[in-house]
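Remarks on the structure that follows.
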Amino acid sequence: MFITIEGPEGSGKSTAVNTAVKHLETLGYKIVRTREPGGTPISEKIREVILDKGNTMMDPRTEALLYAASRRQHLVEKVWPALERGEIVVCDRYLDSSLAYQGGARHLGIDEVLNINLFATEHTYPDLTLLFDIEPELGLARIAANSNREVNRLDLEKLEFHKTVRDTFLLLAKRYPERYVIIDASKSVEDVANATIEAILNRLCK
Ligand code: TYD
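Here my numbering runs 6 ahead of the position in the sequence shown, where the first position is 1.
Put into structure tokens, the structure is as follows:
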């Protein structure tokens with residue numbers, strides 16, 4: 007089972023997923039928790055290049071290709087082996103982030119970005135995608151209030167960019183209803199964590 011966690015900045019997805027993963031582990035499930043871009047030494051190096059605030063000259067297609075390259079290496083080294091062992095992989099961000107950020111907000115087009123990602127992933131789609139949905143204004147305010155979180159190159163984009171990211175995620179949820187579950191991330195931390203656990207257990211028990 008391959009589960010991906012998606013959403014705009016400041017949706018609180020990591021906190022909710024940490025709680026959900028702990029709960030599922032107490033029920034006996036073996037879970038590999040990982041993230042993109044990153045998750046392996048090579049992919050973490052690519053991550054540094056992508057998110058470096060100094061890289062103001064980065065071209066949108068270069069950005070899309072770097073995310074896809076990082077994704078491929080992470081699949082090969084970490085995700086596919088874990089799935090082969092029969093474990094549950096929970097990954098913060100995956101393919102849909104590229105479709106929303108590079109395809110939507112960077113205007114490269116969803117299908118163009120999907121194409122390079124189908125090459126990179128050999129058509130590996132998640133079984134379940136949890137979309138932590140939140141108004142960008144609220145998400146960005148949460149980031150601003152959280153001094154522990156490091157601000158990256160994409161956080162610095164204007165509000166309009168983040169609105170397009172959100173709208174594209176909602177569009178993708180309509181396009182892939184069989185794997186998408188939308189979680190209202192504006193609710194309390196406890197409610198969001200409970201909704202996360204429920205969505206994962208529903209899928210596991212299918
Ligand atoms: P990260 O600090 O991991 O963000 P978050 O905590 O919001 O998940 O940084 C990842 C950034 O990269 C985030 O702004 C989303 C962006 N991103 C893309 O633009 N395309 C992608 O394919 C992926 C995986 C992430």
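The beta carbon of each residue, even a glycine, is placed where N, CA and C say it ideally should be.
This one's a predicted model, so the numbers in the text were calculated from it and none came from an experiment.
Assigned exposure category for residue i - 16 Cβ within 10 Å defines buried
i	result
Asp58	exposed
Phe8	buried
Phe125	exposed
Ala111	buried
Pro14	buried
Val195	exposed
Lys123	The sequence as given places Asn at residue 123; Lys does not occur at that position. Result: buried.
Arg91	exposed
Ala151	exposed
Val157	exposed
Ser49	buried
Arg78	buried
Glu12	buried
Cys97	buried
Distance between beta carbons of residue j and residue i, contact taken as under 8 Å
i	j	result
Arg148	Gly44	Rounded, the Cβ-Cβ distance is 22 Å, inconsistent with contact.
Ile189	Val198	6 Å
Gly16	Leu162	Between Leu162 and Gly16 the Cβ distance is about 14 Å, and since that is not below 8 Å, they are no contact.
Ile52	Ala75	6 Å
Leu72	Val55	6 Å
Thr127	Leu101	6 Å
Val27	Ile37	5 Å
Pick from the options that is closest to residue i, judged by C-alpha positions
i	options	result
His113	Ile188, Arg77, Glu69, Ala179	Glu69
Thr202	Leu137, Gly16, Thr46	Leu137
Arg39	Leu71, His80, Ala75	His80
Glu66	Ala150, Ser49, Gly115	This sequence places Pro at residue 66; Glu is not what is there. The candidate whose alpha carbon is nearest that of Pro66 is Gly115.
Tyr186	Ile37, Lys193, Leu178	Leu178
Gly109	Asn121, Asp98, Arg99	Asn121
Leu215	Glu184, Met64, Pro47	With the chain covering only 7 through 212, there is no way to say anything about residue 215.
Asn61	Glu31, Thr127, Arg159, His168	Arg159
Leu176	Met63, Ile206, Ala106	Ala106
Glu213	Lys180, Arg53, Pro132, Phe167	Summary: the structure shown does not reach residue 213, with the chain confined to residues 7 through 212, and so no result is reported for it.
Thr84	Arg181, Glu42, Ile11	The displayed chain sequence assigns Lys, not Thr, to residue 84. Of the candidates Arg181, Glu42, Ile11, the one whose C-alpha sits nearest the C-alpha of Lys84 is Glu42.
Asp173	Ala150, Thr32, Ser103	Ser103
Asp117	Trp86, Arg181, Met64, Val96	Arg181
Tyr131	Asp139, Val95, Ser153, Ile140	Val95
is_contact[residue i, chain C] using C-beta, thresh 8 Å
i	result
Leu134	Here there is only one protein chain, and chain C is not present.
Problem set entry | Any beta strand (DSSP E) of 3 or more consecutive residues that is wholly inside the stretch 25-88 | The DSSP assignment places complete beta strand (DSSP E) segments of no fewer than 3 residues inside the stretch 25-88 at 37-41, in order along the chain.
For this session: Just list the beta strand (DSSP E) runs in the stretch 88-145, keeping only unbroken ones of 3 residues or longer that don't cross its boundaries, in chain order.
Result: Assignment of beta strand (DSSP E) within the stretch 88-145, counting only whole runs of 3 or more residues, yields 94-98, 134-139 in chain order.
Problem set entry | Whole beta strand (DSSP E) elements within the stretch 135-197, 3-residue minimum | Uninterrupted beta strand (DSSP E) stretches at least 3 residues long and entirely within the stretch 135-197 occur at 186-190, given in chain order.
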